[in-house]
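Shown next, in structure tokens, is the structure this report addresses.
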Amino acid sequence: MSNALFEDSPAKGLICRNCNATYDLVAQHACWQCFGPLEVDYDQAELAKVTREQIEAGPQNIWRYAPLLPVGVHPEDRVSLNPGLTPLIDAKNLAKALGMRQLWVKDDSANPTHSFKDRVVSTAVSAAKKLGFDRFACASTGNLANSVAAHAARAGVPSIVFIPHDLEPGKIVQSAIYGGQLIAVQGSYDDVNRLCSELTETDDFETTAFVNVNIRPYYAEGSKTLGYEVAEQLGWRLPEQVVVPMASGELLTKIHKAFEESAEIGLVEPGKVRVFGAQSAGCSPIADAYAEGTDVITPVKPTGIAKSLNIGDPAAGPYAIEACRSTGGGMAKVTDDEIREGVRLLAATTGVFAETAGGVVVATLRKLLESGQLDPEAETVIYNTGEGLKTLDAVSSLVGPTHTVKPSLKAAKEAGLLES
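Note that the sequence shown ends on residue 459 in the numbering used here; no numbers are left out.
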């Protein structure tokens with residue numbers, strides 16, 4: 040019955056990433072045989088039917104890629120703020136400052152709730168509707184809570200979102216303003232996520248869709264649209280290098296998957312995209328494992344200003360490491376001061392004010408260039424996943440008025456604003 044709900048979708052079931060066990064399209068995120076993570080399994084013949092022309096004729100949002108997603112083929116099935124087709128900015132000034140030939144910034148702060156999470160939430164809650172859930176929920180470091188609460192408000196569905204108690208004020212306000220329940224948990228994101236996993240097993244939450252827990256396989260697929268869009272915006276071709284921020288590691292793996300999938304089904308010419316991951320030194324379990332030459336993730340207690348990336352026990356870490364190694368890419372971590380400078384440099388050269396995760400990406404880009412891991416001559420795309428107004432505290436001490444003057448020409452002259 041569950042697969043019948045998705046009968047017009049290219050998805051044919053769920054499959055375990057570890058042991059390849061298969062399941063119906065149900066609300067399940069872990070394999071019953073090996074406890075590995077599940078992801079959506081597609082009918083490759085159906086994907087191969089999708090053409091550039093079909094996509095280009097679609098809506099001006101992520102749903103132009105609905106034939107490549109588990110849900111959303113029919114507009115009436117979508118629960119969405121219609122995110123996507125965000126700017127791909129030719130970052131000439133930033134490229135010049137870093138000594139690069141061609142650099143693009145994929146700016147997902149232009150989404151409705153100002154982060155890439157609108158993509159994954161639209162996919163997840165559309166699946167939740169199909170599966171019969173009547174309340175939307177999540178465990179979040181902030182941006183996801185903003186998006187789930189907003190989607191629920193648009194759909195007229197109750198929401199309950201769970202966050203660490205010490206999030207940035209801007210993200211707390213944005214989650215609360217939509218009118219759903221906002222639960223601040225005294226602990227880290229990993230504590231929040233553990234609580235939400237336990238709640239999914241209770242009768243009181245039986246009909247609640249936790250987008251990144253019990254319907255996570257569908258949620259994760261929304262990130263693929265960040266790969267499809269870049270390929271389309273580049274004229275249906277792949278970039279040579281990308282730098283992606285990492286929290287759970289899932290965003291990086293799904294962008295990599297989208298590039299590979301685009302080539303496999305003929306949307307772009309085949310080519311290897313070198314994938315690089317970026318983490319904050321305050322929470323770098325994936326980058327640390329990569330540097331140690333292992334794929335075994337040692338959980339950490341998160342610190343530092345990049346709170347949207349503060350997942351100390353990242354579920355998709357091993358898969359992110361595999362993507363970077365298999366493509367000849369790499370990883371690096373950066374300090375809080377380097378993150379702040381990354382935010383400032385991006386803003387001063389592109390006009391994009393990124394949240395701290397964007398600062399992590401720019402600082403990592405610079406570090407990878409300096410270490411020789413990243414080729415300055417290769418066409419490169421970096422991902423900004425959120426809006427800087429959400430993390431003002433991180434940079435407010437660095438910037439302010441350059442002058443304070445009285446309202447007179449004399450005062451302006453004395454301040455050096457006029458020639459003598």
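For glycine and all other residues, C-beta sits at the position ideal for the given N, C-alpha and C.
- For Val269, the closest C-alpha among the options Ile128, Gly321, Leu170 is that of Ile128.
- Scanning its chain for C-beta atoms nearer than 6 Å, with the 5 sequence neighbours on each side dropped, one finds around Val252 the residues Cys235, Ser236, Thr239, in chain order.
- Distance from the CA atom of Ile216 to the CA atom of Ala136, rounded to whole angstroms, is 39 Å.
- In this structure, the alpha-carbon of Gln220 lies about 5 Å from that of Ile199.
- A buried status is given to Trp143, since no fewer than 16 other beta-carbon atoms sit within 10 Å of its beta-carbon.
- Within a 10 Å sphere around the beta-carbon of Arg117 sit 16 or more other beta-carbons, which makes this residue buried.
- Looking at the DSSP output, Trp143 bridges to Asp129, Val420.
- Contact annotation: Asp80 and Leu53 have beta-carbon atoms nearer than 9 Å.
- With a threshold of 16 other beta carbon atoms within 10 Å, Thr90 falls short and is exposed.
- Cβ contact annotation for Lys168 (same chain, cutoff 6 Å, sequence separation greater than five): Val118, in chain order.
- For Ala387, DSSP assigns no beta-bridge partner whatsoever.
- Closest in C-alpha terms to Lys131, from the list Leu384, Ala259, Pro309, comes Leu384.
- Of all C-beta pairs linking the region 432-445 to the region 288-300, fewer than three are shorter than 8 Å, placing the two stretches out of contact.
- When beta bridges are read from the DSSP output, Phe249 appears opposite Ala176.
- In the three-state reduction of the DSSP assignment, Asp47 falls in the coil class.
- Gly75 is not a Cβ neighbour of Val159, given a cutoff of 9 Å.
- Put simply, the backbone Cα of Leu133 is about 36 Å away from that of Pro106.
- Counting along the chain, no beta strand (DSSP E) covers Ala184; the unbroken alpha helix (DSSP H) around it starts and ends at 182-194.
- Following the DSSP letters along the chain, one finds Gln93 inside the alpha helix (DSSP H) bounded by residues 91-95.
- For Leu273, the secondary structure class from DSSP, reduced to helix, strand or coil, is coil.
- A residue is called buried when at least 16 other Cβ atoms come within 10 angstroms of its Cβ; Asn185 meets this threshold and is buried.
- In the three-state DSSP reduction, Val231 falls in the helix class (H, G or I).
- By the Cβ criterion, the region 393-406 is in contact with the region 304-324, since at least three pairs of Cβ atoms, one from each stretch, lie closer than 8 Å.
- Here Ala354 is not bridged, per DSSP, to any residue.
- DSSP places Ile202 in the strand class (E or B) of the three-state scheme.
- With a cut-off of 8 Å on Cβ pairs, the region 386-402 is in contact with the region 333-350, counting three or more such pairs.
- In the structure shown, Val118 falls within a coil segment according to DSSP collapsed to helix, strand and coil.
- Taken through DSSP and simplified to helix, strand or coil, Asp376 comes out as helix.
- A straight line joining the alpha-carbon of Ala248 with that of Gly111 spans about 17 Å.
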